[in-house]
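Following my numbering, the numbering of the sequence shown begins with 4 at its first residue and continues without gaps. Yeah, the Cβ is synthetic: ideal placement off N, Cα and C, and Gly gets one too. No experiment lies behind these values; they were computed from the predicted model shown. Right, one structure below, let's go through it.
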Amino acid sequence: MATYLPPGWTAEQLESATLSDIQQLPPDTLHKLDLNYMSSADNSARDLVLTAQLTESRRLERISLGLPPAPPKTKPERDPYVQIVEDEGFMDFGYLCFRTTYADDARWEKWQENFDAGLEGGLVGCAGRERVAERLMVMFVDDSDLDCVGFSDVAKAFADVKENGDFGPGLDVGMCLMLDEEAMASLLEPVEGKDPWVWAVDVSYDFDGAQMEDGYPGRFKVAIDSLISDLWPLLAGSTKASWAVRVPDKSF
Numbered sequence: 004m005a006t007y008l009p010p011g012w013t014a015e016q017l018e019s020a021t022l023s024d025i026q027q028l029p030p031d032t033l034h035k036l037d038l039n040y041m042s043s044a045d046n047s048a049r050d051l052v053l054t055a056q057l058t059e060s061r062r063l064e065r066i067s068l069g070l071p072p073a074p075p076k077t078k079p080e081r082d083p084y085v086q087i088v089e090d091e092g093f094m095d096f097g098y099l100c101f102r103t104t105y106a107d108d109a110r111w112e113k114w115q116e117n118f119d120a121g122l123e124g125g126l127v128g129c130a131g132r133e134r135v136a137e138r139l140m141v142m143f144v145d146d147s148d149l150d151c152v153g154f155s156d157v158a159k160a161f162a163d164v165k166e167n168g169d170f171g172p173g174l175d176v177g178m179c180l181m182l183d184e185e186a187m188a189s190l191l192e193p194v195e196g197k198d199p200w201v202w203a204v205d206v207s208y209d210f211d212g213a214q215m216e217d218g219y220p221g222r223f224k225v226a227i228d229s230l231i232s233d234l235w236p237l238l239a240g241s242t243k244a245s246w247a248v249r250v251p252d253k254s255f
C-alpha cells in the first residue's frame, strides 16, 4: 500500500491519477506522494509530483545549511544564475538541446525563434542579467540521425558531443534539453493555462537499467521561461553533482 494517500483517496485512485486529479490536491502535499504507486498515472501527473519533490528537497537542503526555507524576497544584487556565471568565470552558460523531430524544417525554424523569445522573457527583471547576457547559449544539436530517438539515445548523444570537447563547463551541468513533437507543439500550439516546455534529460541516468525503482525517471518537463532563472542555477551550483538523488525518501 502507498505510504501516503490524500484524504479520501484509495490506492487505486493514486495508481491511475490524472493531471487534473493531482492539481486538485493542496500543493504543499504533492511531495508526499510516492511515484512508485503511480505506475498507471498520466506522465504529466507524475512530472508534477516529481517537480514538487525536487522543490521540497531544495527547501530541506536550505534548512540543513542554516538558510531560510525559501530565498529572501528582497531583490538581490545578482540573481543566482548571474552569481554562478560570474563567480565561476564561465565564458558561456546554458544547455545543449537535441532536436528529435525532423518532419518539418519550417516548423523547427519557427520553434527556434519562439524558444529564444521565451527564454529571454523568463529573464526579464533578473538582477544583473545584462552583465552575462552575451554569454547565454543554447547549443542546438541538429542531426537527422536523432529523428524520433528516445531519452536514452539523447543521453548517449550528449556523451558523444562532450567527448569531442565542443562545449565549456557552463553548458555541462548534468542535464541537457530534448525537443520532440510533443514539446514543440507546446510552444507552437499553446494551450491556455499551460506553459510551453521542453524535456530536461539527466545525462548520467541509466535509462536502460532499473533506476526507476527509486521513483526518479531521469527526465521531466521544464517550462521554457524557467530554464535559466530556476533550473540552471540548481544544476550548476554546488549541489549539481547530487541534485538528482535528492528526491525525498519513500518513508515520510
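Rounded to the nearest whole angstrom, the C-alpha separation of D24 and D45 is 10 Å. Taking C-alpha positions only, L139 is separated from M187 by approximately 21 Å. By the 16-neighbour rule on beta-carbons within 10 angstroms, A158 is buried. The Cβ neighbour count for S189, taken over all protein chains shown within 10 Å, is at least 16; the residue is labelled buried. Note that the C-beta distance between R222 and V204 is below 8 Å. Under DSSP, F143 forms a beta bridge with C100.
Note on the region 135–190: whole alpha helix (DSSP H) runs with a minimum of 4 residues are 154–166, in chain order. By the C-beta criterion, the region 104–123 is judged not to be in contact with the region 152–166, since fewer than 3 inter-stretch pairs fall below 8 Å. Cβ-Cβ distances below 7 Å link D211 to S155 in the same chain, with the five nearest sequence neighbours on each side left out; the list follows chain order.
Rounded to the nearest whole angstrom, the CA to CA distance from L191 to N117 is 8 Å. Counting C-beta atoms within 10 angstroms of its own C-beta, C151 has fewer than 16 neighbours from the protein chains shown and is therefore classed as exposed. Each of S42, P9, E18, S19 was checked against the Cα of P30, and the nearest Cα belongs to P9.
Burial is judged here by how many other beta carbons sit within 10 angstroms of a residue's own beta carbon; R102 has at least 16 and is buried. Residue pairing by DSSP places D205 opposite M178 in a beta bridge. Of the candidates D148, L230, V88, the residue whose Cα lies closest to the Cα of R134 is V88. Between L182 and C100, the C-beta spacing is below 8 Å.
With respect to the C-alpha of G171, the residue from Y105, L149, G97 having the closest C-alpha is G97. For R222, the enclosing beta strand (DSSP E) covers residues 222–226. Taking C-alpha positions only, G69 is separated from R62 by approximately 11 Å.
The residues D95, F96, G97, Y98, L99, M140, M142, in chain order, have a CB closer than 7 Å to that of L174 in the same chain once the five nearest residues on each side in sequence are set aside.
In the three-state scheme derived from DSSP, where H, G and I count as helix and E and B as strand, W200 is classed as strand.
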